[in-house]
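Residue numbers (our numbering): -12 to 209.
For every residue, glycine included, the Cβ atom is placed at its ideal position computed from N, Cα and C.
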Amino acid sequence: MGAGGYSSYPSVYMNEEPLLAKSLFASDNAIISQAAIDTILSSRIKIPENSKVALIKFAGPTEHNSSTYGYGYWRSEAYLKLQQSYVDKLTSKIEHSSKINSVSVLPSLLTPQSPTIPVLREASVRLQSPLLVIYRINSDIYEEYRVFRSNKSKAYATVEVVLLDVRTGIIPFTSIATREYQSTKTKEDTNDRDLIRRTEQEAVNRALDKVAEELIHFLNTN
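Structure (structure tokens):
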């Protein structure tokens, strides 16, 4: 089963709306004037050629699920390597866009724990990145598969992606994809945790593939 969706610009508006070149948002806390609202809603974003992308991950609700993998798993070498594999996968996918020159991970030390859009924009500017991709992964094992029977496991993963145009503060693209994966224990799985970890990882990778495909399509066509 798979579910997902993305938002971008309807093709009917592509050649009729003026290009937006600067931000009209005074701040996240300020009220946007009616004139600014009218301009924002009647304009479009043009993805610049040879763009540099900044990439940042927001933590998901199941990020540190000790009930499944045991206390402290998120500090283990296996967990860190797994998270890096997701970063590498998304980076590699984005770099396949004809509009993208490079992708850099936005260091966490540049942002607070719960960053606002203005903070994210400023951090991206310091990296000289006109585009920022924000993503979040939420994945877990279905409850009925937590008690292992017949050496089977089934997982789900939901990946959310948001594209922020740093110059204007506009979010021209979003995508959410949910994927499932079911697997049976193999000889490579030394224990039950290996099985559920592998199952969950595959569900995440499939969801990442979907949102990356939609993001690349948007970048290449705008």
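Quick check for students: name the residue ranges of the alpha helix (DSSP H) that lie wholly in the region 102 to 144, counting only runs of 4 or more. 104 to 113
With a 10 Å radius around its C-beta and 16 neighbouring C-beta atoms as the bar for buried, classify Glu214 as buried or exposed. What the structure shows of the chain is the stretch from -12 to 209, and residue 214 is not part of that stretch, so it cannot be assessed.
Could you compute how far the alpha carbon of Val198 sits from the alpha carbon of Ala164? 6 Å
Report the rounded CA-to-CA distance for Ile183 versus Lys33, giving the unit in angstroms. 42 Å
On a CA-only basis, which of Leu206, Ile124, Gly59 and Lys76 is nearest Gly47? Give me that one, please. Ile124
Per-residue burial, Glu36 [other beta carbons within 10 Å of its own, 16 or more giving buried]: exposed
Close beta carbons around Val106, own chain, < 7 Å, minus the five adjacent residues each side: Thr98 and Pro99
Under the three-state reduction of DSSP, which class applies to Asp88: helix, strand or coil? Reading off the sequence, residue 88 comes out as Asn, not Asp. Three-state result, Asn88: strand.
Hey, quick one: how far does the alpha helix (DSSP H) through Arg31 stretch, first residue to last? That residue, Arg31, is in no alpha helix (DSSP H); it is neither H nor E in DSSP.
Counting pairs of Cβ atoms below 8 Å between the region 37 to 46 and the region 111 to 119, do you hit three or more? yes
Through-space distance from Phe205 to Ser84, alpha-carbon basis: 9 Å
Are the beta-carbon atoms belonging to Asn138 and Lys172 less than 9 Å from one another? yes
With 16 other CB atoms within 10 Å as the buried threshold, where does Leu28 fall? exposed
Below 8 Å, is the gap between the Cβ of Tyr66 and the nearest heavy atom of the ligand SAM? Annotation note on the ligand SAM: not contained in the displayed structure, which lists no ligands.
Whole angstroms is fine: what's the gap from Gly59's alpha carbon to Thr161's? 33 Å
Do Asp179 and Ser126 come within 9 Å of each other at the CB atom, strictly closer than that value? no
Checking the sheet assignment: what are the DSSP bridge partners for Ile43? Ile121
Mark Glu64 as exposed unless 16 or more other C-beta atoms lie within 10 angstroms of its C-beta, in which case mark it buried. exposed
Ala8 lies in the beta strand (DSSP E); which residues open and close that run? Neither: Ala8 is in no beta strand (DSSP E) and is coded neither H nor E.
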